[in-house]
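Counted the way the UniProt record's numbering counts, the sequence shown spans residues 1 to 585.
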Amino acid sequence: MSDTEEHGTSDAGVADREWWKEAVIYQIYPKSFDDSDGDGVGDLPGITERVDYLDDLGVDGVWLCPVYESPMADNGYDISDYRAIDPQFGTMADWEELLEALHRHDVRLIMDLVVNHTSKEHEWFQRSRREEDGYEEFYHWVEGAPDEPPNNWESLFGGSAWTYDDRREAWYLSIFDPAQPDLNWRNPAVREAMTSVAEFWLDRGVDGFRLDAASHLSKADGYPDGDPANAVTGIERFTHGPRLSAYLGELCAETIADRDAVTAAEMGATSLEQATSYLADDAVGVDMIFQFDHLELGDAASGRLDADDWGEWDLRELKAMIDRRQERLADVGWDPLTLSNHDLPRAVSRFGDEAYRHASATLIATFLLTMRGTPFVYQGAELGATNAAFDDLSEVDDPWIRGKVDALLAEGAIDSFDEVRGVVNYRSRDHGRVPMPWTDGPNGGFTEGDPWIDPSSRGAEVDVASARADPDSVWAHYRELIDLRHERDVLMYGDYEPLSPDDGRLFAYERTLGDRRVVVALAWSDEGATFEPPWTGGDTGSAATNRDPELLYGNYPDPPATLATGADAIDLRPYEAVVYEPMPE
């Protein structure tokens, strides 16, 4: 079968095909995916045993969260050895077996590369705190009195961004956890070391990297005080610093540039204008940028857990953000599409409606898999997973949440966890880290031992075995939509045109490529919505052929009332999603 036939359209307008533009990427949080040895922690052999599952779902790539050697102060994002596998996940031989299994099924592997910081247990940091030759400036050190931090910068996890080290008698910078000291990218030796790490994994066959916390590599010279009016004091000083483009460009040029590999940079606190400028600059070299503006909808403006504006967002805001992004990136970049990951609540609980779990989960799937960009599906999303429920702070593992709660208790802003429990149950990063439910048996079939985090708090969802046996499960809908995307170039490369910018209940848009059109309508509301299709009112397309548009997909068992050509509107039910293909002229 030719490429044209396979994708259901002509190659018109597709001049820059890339595997990562056509891929659906599945994100795996290894600690919570599948435990093969009964120690309660997910591992690499467990993932290898589930490669057939990934193949059946139809995904083309895996983004694997960190499996490097780590003390696990932040669940693997504090790396003590970039060239070793942490024993709780397995061995290098296990990793090689996983890579081979994925590639055998034509599934690519993207590794999570933590570039901003290491663990304080890393050899580099230990040698730096001892001021060994060549390592003195591997991290950000400032001399000073032990009771006077160098400036007023705050950590993203709460408290000061500076930690005093008694051994060196100096302060080191850690914008996340004190166990995660920031690397000093001003130092050429640091840049060379990280280039060597990337080459180490590329030479072993990985297909790309997600660059963690990439927006923070460059810090303001001289470490000036930050603006206390910001939600995190100093964030403007350690985000998008003066040499960020140069640092990323050097890393990509030395590692990725001549390989068939992809780079997706995580960039928190990044505007669309900033992201566009990086993507438009060939010298920077990154292929995609994870932005968080739409994912922060519903977050309190202050970021404080005791604020009363958590959970408030409007569909028109989401659409405006997506519309602007699609417009700005159309000619200069590519968007990684996601509504959930290991740092976020479950998408159904955040952007959908647990009362309409199936409908809103499949609507979210339709959005991700019909939009221009590369869809990233976080583990469990294909089951319609919802948020967990925590009754006590002792049940929370997330250091970000624990740090914020402890800070509020210390300052007397709250008297007990109960005062912020609702917000924690809305926003904790643990929601995405509750173990994957493979069966309806004990611990969801995740482990035969004691799981590292209690799965009993898991929200309402269907286990994998039950979902795969149900032809109308959320899982079945994901597979259908993934197949639909693979079959049509227009869904991967087509232009994007919003159709309902001012409607507070409807998200509708059109994708076009050559003579192909696909129209998507999402009733993003528990009240449903009315959709006026673009082929009515004398528009070109199917009306010109006097043929009904074809319904390619619908997430309700029975589709909307038959749409006769020329009908003025379609009444959509709560969280109903439909995909139409108007016939070409």
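Every residue, glycine too, gets a C-beta built ideally from N, C-alpha and C.
Predicted model only: the values in this text are computed from it and were never measured.
Quiz item: Per DSSP, what kind of secondary structure is residue 118 in: helix, strand or coil?
Solution: coil
Self-check item: residue 270 - DSSP class collapsed to helix/strand/coil
Solution: Correct three-state label for residue 270: coil.
Quiz prompt | Proximity to residue 480 [Cα-Cα], best of 148, 264, 368 | solution = 368
Quiz prompt | DSSP beta-bridge partners of residue 509 | solution = 498, 520
Practice problem: Could you tell me the boundaries of the alpha helix (DSSP H) in which residue 400 lies? | Solution: 399-410
Quiz prompt | In chain order, each beta strand (DSSP E) run of at least 3 residues that lies wholly inside the stretch 186-270 | solution = 208-212, 262-266
Quiz item: So which of 192, 155, 336 has the shortest CA-CA distance to residue 22?
Solution: 336
Practice problem: Pick helix, strand or coil for residue 442, following the three-state DSSP scheme. | Solution: Of the three classes helix, strand and coil, the one that applies to residue 442 here is helix, per DSSP.
Quiz item: Measuring CB to CB, does residue 333 end up less than 8 Å from residue 263?
Solution: no
Self-check item: First and last residue of the uninterrupted alpha helix (DSSP H) at residue 310
Solution: Looking at the DSSP string, residue 310 is not in any alpha helix (DSSP H), and its letter there is neither H nor E.
Practice problem: Kindly give me the distance between the Cβ atoms of residue 241 and residue 218, rounded to whole angstroms, as I take these residues to be in contact under 8 Å. | Solution: Going by Cβ atoms, the distance from residue 241 to residue 218 rounds to 3 Å, so yes, they are a contact pair.
Quiz item: With a CB to CB cut of under 8 Å and the five nearest residues on each side skipped, what residues in its chain are close to residue 285?
Solution: In chain order, 248, 249, 251, 252, 253, 256, 257, 263 place their CB closer than 8 Å to the CB of residue 285, counting only its own chain and leaving out the 5 sequence neighbours on each side.
Practice problem: Check the DSSP bridge columns for residue 170 and list the partner residues they point to. | Solution: For residue 170, which the question treats as bridged, DSSP gives the partners 143, 165.
Quiz item: Which partner residues does residue 578 have in the DSSP bridge list?
Solution: 521, 554
Self-check item: Boundaries (first-last residue) of the alpha helix (DSSP H) holding residue 367
Solution: 357-370
Self-check item: For residue 150, the three-state DSSP class (helix, strand or coil)
Solution: coil
Quiz item: Excluding five sequence neighbours on each side, which residues of the same chain lie with their C-beta closer than 7 Å to the C-beta of residue 357?
Solution: 348, 384, 386, 460
Quiz prompt | Span separating the alpha-carbon of residue 447 from that of residue 47 | solution = 13 Å
Self-check item: alpha helix (DSSP H) runs contained entirely in the stretch 47-82, provided each spans 4 or more residues
Solution: 51-57
Quiz prompt | Identity of the residue in 157, 524, 136 nearest residue 168 by Cα | solution = Checked all of 157, 524, 136; the closest Cα to residue 168 is 136.
Exercise. Less than 8 Å between the CB atoms is what I'm expecting for residue 524 and residue 363, so what's the real figure, rounded?
Key: The C-beta distance from residue 524 to residue 363 rounds to 7 Å, short enough to fall under 8 Å.
Exercise. Measure the alpha-carbon distance for residue 453 versus residue 43 and round it to whole angstroms.
Key: 14 Å
Quiz item: Where does residue 130 fall in DSSP's three states?
Solution: coil
Quiz prompt | Cα-Cα separation, residue 510 to residue 490 | solution = 10 Å
Quiz item: Nearest to residue 189 by CA position, among 128, 378, 456, 572, is which residue?
Solution: 128
Practice problem: Report the option in 272, 560, 583 whose CA atom is closest to the CA atom of residue 577. | Solution: When each option's Cα is compared against that of residue 577, the closest is 560.
Quiz item: Residue range of the alpha helix (DSSP H) that residue 93 falls in?
Solution: First-last of the alpha helix (DSSP H) with residue 93: 92-104.
Quiz item: At which residues does the alpha helix (DSSP H) containing residue 424 begin and terminate?
Solution: 421-427
Quiz item: Quick one: Cα of residue 155 to Cα of residue 570, how far?
Solution: Going from the Cα of residue 155 to the Cα of residue 570 covers about 50 Å.
Quiz item: In chain order, what residues of the same chain lie with their CB nearer than 7 Å to the CB of residue 492, ignoring the 5 residues before and after it?
Solution: 21, 22, 485
Quiz item: Pick from 411, 366, 471: whose alpha carbon is nearest that of residue 554?
Solution: For residue 554, the closest of 411, 366, 471 by C-alpha to C-alpha distance is 366.
Quiz prompt | Own chain, CB closer than 7 Å to residue 476, minus 5 neighbours either side, in chain order | solution = Closer than 7 Å at Cβ, skipping near neighbours: 470.
Quiz item: Do you know offhand how far residue 429's Cα is from residue 379's?
Solution: 14 Å
Exercise. Within the same chain, show all residues whose beta-carbon is closer than 6 Å to that of residue 34, passing over the 5 residues directly before and after it, in chain order.
Key: 42, 46, 50
Quiz prompt | Nearest residue (CA-CA) to residue 19, options 223, 59, 80, 305 | solution = It is 59.
Practice problem: Mind checking who residue 109 pairs with in its DSSP beta bridge? | Solution: 62
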